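The sequence shown: position 76 = 597 (the working numbering), numbered continuously.
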Amino acid sequence: MVSSQPPRSLSTPPNVFAGLSNAFRGMLIGLVELVPGVSGGTVALVLGVFERLVLSANHLVGAVTHAVSKRDGRGAANQLGKVEWGLLLPLAAGMFLALFALSGPLHHFVENHPVVASALFLGMVSASLLVPITMAREADPAAPTPKVAEIGIVLAVGLAAFLLLGLPAGQVESPAAWVIVLSGAVAVCALAMPGLSGSFILLAFGMYQPTLAAVSQRDFGYLGMFVAGAVVGLASIVRVLAYLLRVHRRLTLLVATGLILGSLRALWPWQQGPTLLWPGEEPWGWPLVAGLAGAALVLLLWWRERRADKDLRPAEF
């Protein structure tokens, strides 16, 4: 069986257009991470870069481990060669650009139009459920696990996430250094998991407002401690995720589906504290339009990414 195209190397630098596309993906991921309840991992799934990010981050952690713990320069270089730098660097640049440049406007939009904003993100996250469901089906179409058991897994995880997101949010006025570091570690673990929002975890811990203020005010002391915690958390979670996606891929995607399903609670447009409400006499026309627009945007992005992925696959004869 001969391929009509040479296999692509993960470390091959992409062209300028690909770099700009990855930077745009990073901006989308960074942008939604500013919104409590929306998961950057979910957006990475929709954009088709989630597994590539996990694998590249895992190789990066492996390189550091070889260099620091094992004093193995050749092993570290080998791991670095497997990192998809053409994806990682532009995407990281896009994320940081979104975090610093768009945190103010997005915060203003969410604060002044909370119902419409929530409806927009609710539509986006609802539509994104199709992504892990489709990936789970493609992972093992003839999986021996009964469908009833799979549905039970999704519902159980979804219920746990639903209850977790119903916990009342606190507020920490002057967080200690260790609290900032721990918050960074936990938030980045949530960021890496589809369905879990790093911003919402910070909100539940009372660290959302202090962190958002640090970003807006360029408090680099606070941000340095937060990033240090994030690095530790990332080094831990990517190892676990890489293993689960390799060994228990279908189950991992089912759990991700449940997490995304449960996360919809945080995005319901009408709620008072942890209590979910019906619209009642409030206008729901614009929220409905926003929700449908958000769903359409996600479906369009997903369709585009799947089509691009098929176009890049070498034809076999």
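Every residue gets a Cβ at the ideal spot worked out from N, C-alpha and C, and that includes glycine.
Just so you know, these numbers come straight off a predicted model, no measurement behind them.
Looking at C-alpha atoms only, which residue of the options is the closest neighbour of residue i?
i	options	result
V636	P800, A817, L821	P800
G783	E826, S624, V646	V646
L680	A565, C710, H629, V776	V776
G673	T778, R827, H769, L822	T778
I722	V669, V556, T586	V556
V537	G607, H587, V575, G562	G607
L618	A816, Y743, V736	V736
Y729	F741, G742, P696, A749	P696
L620	A749, H769, R739	R739
V810	E632, A638, G727, A588	A638
G562	K668, V631, A711	A711
Which residues in the same chain as residue i place their Cβ atom closer than 7 Å to its Cβ, once the five residues preceding and following it in sequence are excluded?
i	result
Q792	L798
F683	G783, R786
V753	A706
L821	none
R595	none
E671	L775
V631	V556, A638
Hey, residue i and residue j: beta-carbon distance below 7 Å or not?
i	j	result
G716	S560	yes
L609	I781	no
V652	L566	yes
V604	L581	yes
R827	D661	no
P795	G687	yes
A763	G644	no
V564	V575	no
Taking 6 Å as the limit between beta carbons, can you name the residues of its chain near residue i, skipping five residues before and five after?
i	result
G583	Q600
A751	G705, V709
A657	R771, L774, L775
Round the Cβ separation of residue i and residue j to the nearest angstrom and send it over; I've been treating them as touching at under 8 Å.
i	j	result
L641	G806	About 14 Å; that fails the 8 Å criterion.
P611	G540	5 Å
A713	V759	7 Å
How long is the line joining the alpha carbons of residue i and residue j, rounded to whole angstroms?
i	j	result
F838	V707	Low per-residue confidence applies at F838: pLDDT is 29, beneath 50, and the placement is therefore not dependable enough to give any value.
A613	G547	6 Å
A756	E803	46 Å
G719	R592	34 Å
M616	I550	6 Å
W789	V761	31 Å
A622	H629	13 Å
V675	L765	16 Å
A466	V819	Residue coverage of the chain in this structure runs from 522 to 838, which leaves residue 466 outside it and unanswerable.
R529	V678	Note that R529 has pLDDT 46, beneath the 50 cutoff, so the model's placement of it is unreliable and the number below is only indicative. Looking at the two C-alpha atoms, the distance is approximately 37 Å.
A648	T655	12 Å
V523	L685	Bear in mind that the predicted position of V523 carries a pLDDT of just 37, short of 50, making it unreliable; the figure below should be weighed with that in mind. Between V523 and L685, the C-alpha separation is close to 51 Å.
H587	Y743	30 Å
F726	V570	29 Å
N633	N579	40 Å
Excluding the 5 residues preceding and the 5 following residue i in the sequence, name in chain order all residues of the same chain whose CB lies nearer than 8 Å to its CB.
i	result
M746	A698, I701, V702, G705
S624	L555, L733, V736, S737
V585	A597, A756
T748	The question names Thr, but residue 748 is Val in the sequence shown. G705, listed in sequence order.
E572	L766
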